[in-house]
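J.: Pasting a structure here, questions to come.
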Ligand code: FBP
């Protein structure tokens with residue numbers, strides 16, 4: 091067989107033919123929609139402080155696009171820049187494709203430029219033009235490799251000035267920042283800075299993150315959540331089937347999602363595991379680490395009595411941050427690491443750094459840190475990301491739980507209270523799902539978000555996040571508009587300082603998805619009702635190709651099986 095020269099897989103070649111469906115309102119192009127402005131908005135909390143920091147972008151009204159003649163707006167050719175920021179999420183390329191198509195539909199002379207390697211590309215003036223020909227091979231593909239991503243935060247006076255100068259040098263009329271809560275906070279900082287400097291460049295955000303924690307009444311979900319949870323659910327389902335076939339292992343699966351447990355909850359809905367930990371619930375119930383462990387031990391003992399020495403537990407990667415004593419340790423560590431940055435930089439090994447930092451902690455917290463397995467204590471010490479977040483993806487909470495469970499079960503065995511066998515296997519699913527081929531939902535959603543960002547850019551809506559709503563309807567019936575970035579902000583402590591940031595939407599314990607979990611989880615615990623979702627389907631009946639997440643359906647008040 092001759093080797094095919096094309097680097098595309100068969101799936102990619104076929105999937106390239108898929109034309110995403112645009113919401114009807116955007117179909118005729120930017121020349122035929124007008125923004126309809128609502129009432130002025132307020133930030134979700136800390137209004138006075140947020141307003142003081144963002145005097146020019148605070149209080150903007152929400153925007154909905156309606157039919158109207160806007161042809162005059164499209165006469166002048168514009169140059170738009172796009173940057174991918176933060177963690178990868180399936181559909182990023184389609185945001186760029188939608189943006190490019192929206193711009194070209196408005197005026198064939200419009201140009202799109204991609205800043206390379208994330209926000210640092212703006213500061214370092216690294217960009218390429220994205221043409222329809224260059225875009226061709228990336229449509230409906232996963233990954234961010236067309237222009238890559240990065241986590242640089244543009245915050246110092248020098249960085250902001252360099253960004254402004256490079257945008258002006260390249261005659262950019264609008265900048266589209268595709269990012270999560272932190273990156274969009276940064277987009278707002280840039281929008282505000284440019285306004286203050288009287289530079290007429292609009293900055294528009296696009297809600298990206300597999301974590302699903304960038305949401306509110308205008309942003310029903312961030313893109314990538316749908317695909318990533320489908321990929322993780324396939325893997326978890328496969329493990330369940332393996333487990334159910336051999337019936338000899340307990341599997342502990344940690345799932346990405348940073349602080350929020352949305353991914354874990356959604357994967358649980360799709361697979362019905364025996365136990366699912368929700369960080370937000372652990373915090374609300376103020377559960378200690380031993381209580382979390384004991385709860386799992388009780389289930390293991392109960393199942394063993396029924397002859398079931400196997401099971402599966404889903405663990406959100408941010409669990410560790412929600413356990414009150416760990417939360418206190420992490421936030422004190424955050425401040426201690428930020429306050430002693432220079433001194434720590436001079437130390438060579440992690441062990442030396444740990445010794446140094448232990449001396450800076452109150453005794454109670456130093457003792458707690460010392461009581462943790464050395465690997466976990468070391469992982470807690472690792473550098474925070476540029477936005478000040480603990481890198482929870484590197485903390486092996488599932489291993490910590492298994493270690494503690496083993497110890498507890500051994501004690502119970504000695505007391506004659508446990509006669510079962512406990513063989514545990516740990517997994518972490520995160521990076522596997524972030525660059526998958528976007529599901530049909532994400533392919534449509536990202537294309538619409540990008541196209542809509544072009545409309546926002548042409549209308550000079552600076553300080554807005556691209557918003558596509560009514561997502562449980564058919565794609566053609568989705569509603570397009572924009573939500574002011576300042577509306578989502580509050581003040582939080584980051585790197586030892588109070589900072590304005592977009593508030594993370596954590597799992598709402600009074601919300602419909604968690605209520606549903608509460609109803610069904612006792613049954614899943616003992617009466618194995620595993621579901622094996624299989625891989626994402628791109629071709630075939632709409633019932634399997636177009637299905638949205640259970641979370642979205644429940645939030646929209648729909649019934650799920
Ligand atoms: P974003 O919030 O930037 O979208 O990143 C999401 C995420 O995948 C988290 O779930 C995870 O904790 C983190 O990125 C991992 O970061 P990194 O890619 O730097 O390892």
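Residue numbers (the numbering used here): 91 to 651. Note that the Cβ used here is the ideal one computed from N, Cα and C, for glycine as well.
Check whether the region 191-198 touches the region 528-545, taking contact to mean three or more Cβ pairs, one atom from each stretch, closer than 8 Å.
T.: Touching, per the Cβ criterion.
J.: Using only the heavy atoms of the ligand NAD, determine whether one of them is closer than 8 Å to the beta carbon of residue 153.
T.: As far as ligands go, the structure on display features the ligand FBP and does not contain the ligand NAD.
J.: With a threshold of 8 Å (Cβ to nearest heavy atom), would residue 298 be considered close to the ligand FBP?
T.: For the purposes of this step, residue 298 is taken as residue 208 along the chain shown, with counting starting at 1. Yes, the Cβ of residue 298 comes within 8 Å of a heavy atom of the ligand FBP.
J.: Below 8 Å on the Cβ atoms is my guess for residue 580 versus residue 591; work out the distance and round it to an integer in Å.
T.: Counting from one through the chain shown, the residue named residue 580 turns up at place 490. Counting from one through the chain shown, the residue named residue 591 turns up at place 501. The pair is a contact, with the Cβ atoms about 7 Å apart (cut-off 8 Å).
J.: Are the CB atoms of residue 419 and residue 451 nearer to each other than 9 Å?
T.: Here residue 419 corresponds to residue number 329 of the chain shown, with the count starting at 1. Here residue 451 corresponds to residue number 361 of the chain shown, with the count starting at 1. For residue 419 and residue 451, yes; Cβs fall inside 9 Å.
J.: Is there contact between the region 364-378 and the region 304-321, where contact requires at least three CB pairs shorter than 8 Å?
T.: In short, these stretches do not touch, since the Cβ pair count stays below three.
J.: Reducing DSSP to helix, strand and coil, say where residue 576 ends up.
T.: Looking up residue 576 in the chain shown gives position 486. Looking at residue 576 - three-state DSSP - the assignment turns out to be helix.
J.: Buried or exposed: where does residue 655 fall if 16 or more other Cβ atoms within 10 Å of its Cβ makes it buried?
T.: With the chain represented from 91 up to 651, any question about residue 655 goes unanswered, as that position is not in the structure.
J.: List the whole-angstrom C-beta distance separating residue 242 from residue 209, where the pair is believed to meet the contact cut-off of C-beta under 8 Å.
T.: Residue mapping note: residue 242 aligns to position 152 of the chain shown, counting from 1. Residue mapping note: residue 209 aligns to position 119 of the chain shown, counting from 1. Contact holds; Cβ gap of about 5 Å.
J.: Is residue 400 helix, strand or coil by DSSP?
T.: As a position in the chain shown, residue 400 is number 310, starting the count at 1. Three-state result, residue 400: coil.
J.: Answer yes or no: the CB of residue 654 versus the heavy atoms of the ligand FBP, is any distance below 8 Å?
T.: Any question about residue 654 goes unanswered here, given that the chain covers just 91 to 651.
J.: Report the CB separation of residue 338 from residue 513 in whole angstroms; it is logged as a contact under 8 Å.
T.: In the chain shown, counting from the first residue as 1, residue 338 sits at position 248. In the chain shown, counting from the first residue as 1, residue 513 sits at position 423. The pair is a contact, with the Cβ atoms about 6 Å apart (cut-off 8 Å).
J.: How many angstroms separate the CA atom of residue 484 from the CA atom of residue 347?
T.: Position 394 of the chain shown, counted from the start, is the residue given in the question as residue 484. Position 257 of the chain shown, counted from the start, is the residue given in the question as residue 347. Using only the alpha carbons, I get a separation of about 12 Å.
J.: Which residues in the same chain as residue 92 place their Cβ atom closer than 7 Å to its Cβ, once the five residues preceding and following it in sequence are excluded?
T.: By one-based count along the chain shown, residue 92 stands at place 2. Note that residue 92 scores a pLDDT of 42, beneath 50, so its modelled location is shaky; the value from the coordinates is reported in the next line. Counting only Cβ-Cβ distances below 7 Å, and skipping sequence neighbours, we find nothing.
J.: Assuming residue 621 is part of the alpha helix (DSSP H), what are its boundary residues?
T.: One-based indexing of the chain shown puts residue 621 at position 531. Run containing residue 621: none; DSSP gives neither H nor E here.
J.: If you follow the beta strand (DSSP E) that residue 123 is in, where does it begin and where does it stop?
T.: The residue given as residue 123 occupies position 33 in the chain shown. Residue 123 -> beta strand (DSSP E) spans 123-130.
J.: Residue 531 lies in the beta strand (DSSP E); which residues open and close that run?
T.: Reading the chain shown from its first residue, position 441 is the one you call residue 531. That residue, residue 531, is in no beta strand (DSSP E); its alpha helix (DSSP H) goes 530-548.
J.: Thinking C-alpha only, which one of 606, 495, 561 is nearest residue 341?
T.: Taking the chain shown and counting its residues from 1, the one referred to as residue 341 is at position 251. When each option's Cα is compared against that of residue 341, the closest is 495.
J.: Compute the minimum distance between the beta carbon of residue 591 and the heavy atoms of the ligand FBP, and state whether it is under 8 Å.
T.: In the chain shown, counting from the first residue as 1, residue 591 sits at position 501. No.
J.: With a 10 Å radius around its C-beta and 16 neighbouring C-beta atoms as the bar for buried, classify residue 94 as buried or exposed.
T.: Your numbering for residue 94 matches position 4 in the chain shown. Residue confidence for residue 94 is low, a pLDDT of 46 falling below 50, so the modelled location carries little weight; the figure read from the coordinates is stated next. Counting Cβ neighbours within 10 Å, residue 94 comes out exposed, since fewer than 16 surround it.
J.: Sort 157, 149, 104, 234 by Cα distance to residue 569 and report the nearest one.
T.: One-based indexing of the chain shown puts residue 569 at position 479. Here the closest residue by C-alpha is 157.
J.: When the Cα of residue 353 is compared with those of 99, 329, 315, 571, which residue comes out closest?
T.: Sequence index remark: in the chain shown, residue 353 carries index 263 (1-based). Selected option, being the one with the closest Cα: 315.
J.: Helix, strand or coil for residue 308 per DSSP?
T.: Walking along the chain shown from the start, residue 308 turns up at place 218. Three-state result, residue 308: coil.
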